[in-house]
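Working notes, beginning with the structure itself.
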Amino acid sequence: VPAAPPAPLGCDDPESEAAAEFSVNYINSRSHHGYKFTLNRIENIRKISQGPNNDIVFLELDLLETTCPILSPTPLENCTVRSFAQHAVEGDCDVKLQKLDGKFSVLASKCHSHADSSEDVLQVCPDCPLLASLNNTEVLTAVTTALNDHNSKTTDAYLRLLEIGRANIQYAPAHIVSVEFAVAATNCSAEDAKDNVEACQLLPDDQSNFGFCKATMVKQPSQDLSVDCLLYGHQVPTSDPGVTYSHPGYDIS
Amino acid sequence: SVAKRAVAVVAQHDKVPHPVGFVPPPPPCPGKIRHFEI
């Protein structure tokens, strides 16, 4: 009597969790924008045997954005999940893996991220600020003002903007624009930059020094600006953990 | 005379009732939520 087919994998089985963890690390290592994502739920898993010790695994994952910028050296397990009241962002990912002799490799992945609906956030927290569009005029003004303020006061390298990570605007009881943006050190000191800012270029990859700034610009009832920038220091890029990645098929919207 | 009983009747009679307190296993997927549901 042929052996009964193995029971289908459960989404909380250790093997499923191992596949999901591998996939989340792959997704974060391949992303160059925004923030790191962490696993919230394994939506579905299918395993198809290709032969002895050779399986293809299809995973559907629900991820949640953390507060760690993607370039931050902070290990994912130390990254805080962005809370509901901070206007959470969810990622839906489909990942196709191969498990060969017990080793996973990602054959393809596709992710889509979206912020929680404003109605949901306001239902839980009526006074919480909501995410603003990254090309909102007030947001762009706050980022520019904050970066110029930092560069005018620092004795370190002149920083250039890499990307705006997120922004939210609160209108009551005060009018406050909060922004977070990624920066990189240039080959100029902030002092040199005052004379010839065009000469200030990002450092080459073998010396790159990325960082992150958070700023809050109060517009009403009084004007105030607070800026906090942190540089990570040069990080030796981690090579792929000995796994072949083909057809990354990876995009994020 | 032999009368064939309807399958439903047979199935009903032969269905083994679950023991008292039987809890069906959770569906294999989706898995547990680690943080919160959006």
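Residue numbers (the numbering used here), protein chains in the order written: chain R, 1 to 253; chain E, 254 to 291.
In this text, a Cβ means the ideal position worked out from N, Cα and C, and glycines have one as well.
Query raised in the report: Between Pro-281/E and Pro-8/R, which are expected to be in contact by the criterion C-beta below 8 Å, what is the C-beta distance as a whole number of angstroms?
Result: The residue you call residue 281/E lines up with position 28 of the second sequence. The residue you call residue 8/R lines up with position 8 of the first sequence. Between Pro-8/R and Pro-281/E the Cβ distance is about 6 Å, and since that is below 8 Å, they are a contact.
Report task. Could you tell me how far apart the beta carbons of Leu-130/R and Asn-168/R are, in whole angstroms, since I believe they sit closer than 8 Å? Result -> Numbered from its first residue, the first sequence carries residue 130/R at position 130. Numbered from its first residue, the first sequence carries residue 168/R at position 168. Between Asn-168/R and Leu-130/R the Cβ distance is about 6 Å, and since that is below 8 Å, they are a contact.
Requested in this report: Give me the Cβ distance between Arg-30/R and Asp-62/R, rounded to the nearest whole Å; I'm assuming they're in contact under 8 Å.
Outcome: Locating residue 30/R in the first sequence gives position 30, counting from the first residue. Locating residue 62/R in the first sequence gives position 62, counting from the first residue. About 18 Å separates the two Cβ atoms, so there is no contact after all.
Query raised in the report: Comparing alpha-carbon positions, which option in Gly-51/R, Glu-180/R, Thr-186/R lies nearest Asp-206/R?
Result: Position 206 of the first sequence, counted from the first residue, corresponds to residue 206/R. Of the listed residues, the one whose Cα sits closest to Asp-206/R is Thr-186/R.
Query raised in the report: So which residues of chain B does Pro-8/R contact, with C-beta pairs closer than 8 Å?
Result: Annotation note: the requested chain B is absent from the structure, which comprises protein chains R and E.
Query raised in the report: Which residues bound the beta strand (DSSP E) around Arg-41/R?
Result: As a working note, residue 41/R is residue 41 in the first sequence. Taken as a continuous stretch (DSSP letters only), the beta strand (DSSP E) holding Arg-41/R covers 35-51.
Query raised in the report: When you compare each of Phe-212/R, Asn-196/R, Ser-178/R to Gln-86/R by their alpha carbons, which one comes out closest?
Result: Taking the first sequence and counting its residues from 1, the one referred to as residue 86/R is at position 86. Checking every option, the nearest Cα to that of Gln-86/R belongs to Ser-178/R.
Query raised in the report: From Ala-193/R to Val-183/R, what distance separates their C-alpha atoms?
Result: Translated into the one-based positions of the first sequence, residue 193/R becomes position 193. Translated into the one-based positions of the first sequence, residue 183/R becomes position 183. Taking the straight line from one Cα to the other gives about 16 Å.
Requested in this report: Using a Cβ cut-off of 8 Å (strictly closer), state whether His-271/E contacts chain R.
Outcome: As a first step, residue 271/E must be located in the second sequence, where it is residue number 18. By this cut-off, His-271/E is not an interface position.
Query raised in the report: If you draw a straight line from the C-alpha of Pro-69/R to the C-alpha of Gly-34/R, how long is it?
Result: Reading the first sequence from its first residue, position 69 is the one you call residue 69/R. Reading the first sequence from its first residue, position 34 is the one you call residue 34/R. Taking the straight line from one Cα to the other gives about 6 Å.
Requested in this report: Determine which residues of the stretch 81-101 of chain R have a Cβ less than 9 Å from any Cβ of chain E, and write them out in chain order.
Outcome: Val-81, Ser-83, Phe-84, Ala-88, Val-89, Glu-90
Report task. Taking Lys-285/E as the reference, give the member of Asn-25/R, Ala-20/R, Val-197/R with the closest Cα. Result -> By one-based count along the second sequence, residue 285/E stands at place 32. Out of Asn-25/R, Ala-20/R, Val-197/R, Ala-20/R has the C-alpha closest to the C-alpha of Lys-285/E.
Query - Contiguous beta strand (DSSP E) assignments of at least 3 residues, all confined to the stretch 152-201 of chain R - result: 157-170, 175-189
Query raised in the report: With a CB to CB cut of under 6 Å and the five nearest residues on each side skipped, what residues in its chain are close to Pro-73/R?
Result: Mapped onto the first sequence, residue 73/R falls at position 73. Counting only Cβ-Cβ distances below 6 Å, and skipping sequence neighbours, we find Tyr-232, Gln-235.
Query - One or two residues paired with Cys-229/R in a DSSP bridge - result: Walking along the first sequence from the start, residue 229/R turns up at place 229. For Cys-229/R, which the question treats as bridged, DSSP gives the partners Cys-213/R.
Report task. Under 7 Å Cβ to Cβ from Thr-80/R, same chain only, skipping five residues before and after it: list those, please. Result -> What you label residue 80/R is simply residue 80 of the first sequence in a count that begins at 1. The answer, listed in chain order, is Thr-66, Thr-67.
Query raised in the report: Which stretch, first to last residue, makes up the alpha helix (DSSP H) that contains Leu-122/R?
Result: As a working note, residue 122/R is residue 122 in the first sequence. Leu-122/R -> alpha helix (DSSP H) spans 118-124.
Query raised in the report: For Lys-214/R, which residues of its own chain have a beta-carbon under 6 Å away from its beta-carbon, when the five flanking residues on both sides are left out?
Result: To locate residue 214/R, count along the first sequence from 1; it is residue 214. Excluding residues within five positions, the ones whose Cβ falls inside 6 Å are Glu-180, Asp-228.
**Report entry** Integer Cβ distance of Gln-220/R from His-175/R, believed to fall under 8 Å
**Finding:** Sequence index remark: in the first sequence, residue 220/R carries index 220 (1-based). Sequence index remark: in the first sequence, residue 175/R carries index 175 (1-based). Indeed they touch by this definition, with Cβ atoms about 4 Å apart.
Query raised in the report: So which residues of chain E does Cys-11/R contact, with C-beta pairs closer than 7 Å?
Result: Taking the first residue of the first sequence as position 1, residue 11/R is located at position 11. Simply Pro-281, Cys-282, Pro-283, Gly-284.
Query raised in the report: When the distance is taken between beta carbons, is Cys-188/R closer than 8 Å to Ala-142/R?
Result: Start at 1 with the first residue of the first sequence, and residue 142/R comes out as number 142. Start at 1 with the first residue of the first sequence, and residue 188/R comes out as number 188. Cβ distance not < 8 Å, so Ala-142/R and Cys-188/R don't count as in contact.
Query raised in the report: Just how far apart, CA to CA, sit Glu-290/E and Val-139/R?
Result: Indexing the second sequence from 1 puts residue 290/E at position 37. Indexing the first sequence from 1 puts residue 139/R at position 139. Straight-line Cα distance between these residues: approximately 29 Å.
Report task. Please state whether DSSP places Asp-55/R in a helix, a strand or coil. Result -> What you label residue 55/R is simply residue 55 of the first sequence in a count that begins at 1. Correct three-state label for Asp-55/R: strand.
**Report entry** Cβ shell of Leu-122/R (< 8 Å), same chain only, five flanking positions each side left out
**Finding:** Locating residue 122/R in the first sequence gives position 122, counting from the first residue. Closer than 8 Å at the Cβ level, and outside the excluded window around Leu-122/R, lie Cys-128, Leu-130.
Report task. Select from Ser-118/R, Leu-97/R, Arg-160/R, Ala-88/R the residue whose C-alpha is nearest the C-alpha of Ala-108/R. Result -> Reading the first sequence from its first residue, position 108 is the one you call residue 108/R. Checking every option, the nearest Cα to that of Ala-108/R belongs to Leu-97/R.
Query - Straight-line gap, Leu-202/R to Ser-208/R (C-alpha atoms, nearest Å) - result: Taking the first residue of the first sequence as position 1, residue 202/R is located at position 202. Taking the first residue of the first sequence as position 1, residue 208/R is located at position 208. Between Leu-202/R and Ser-208/R, the C-alpha separation is close to 7 Å.
Query - CB of Thr-256/R within 8 Å of CB of Leu-71/R, strictly - result: Outside the shown range of chain R (1 to 253) lies residue 256/R, about which nothing can therefore be said.
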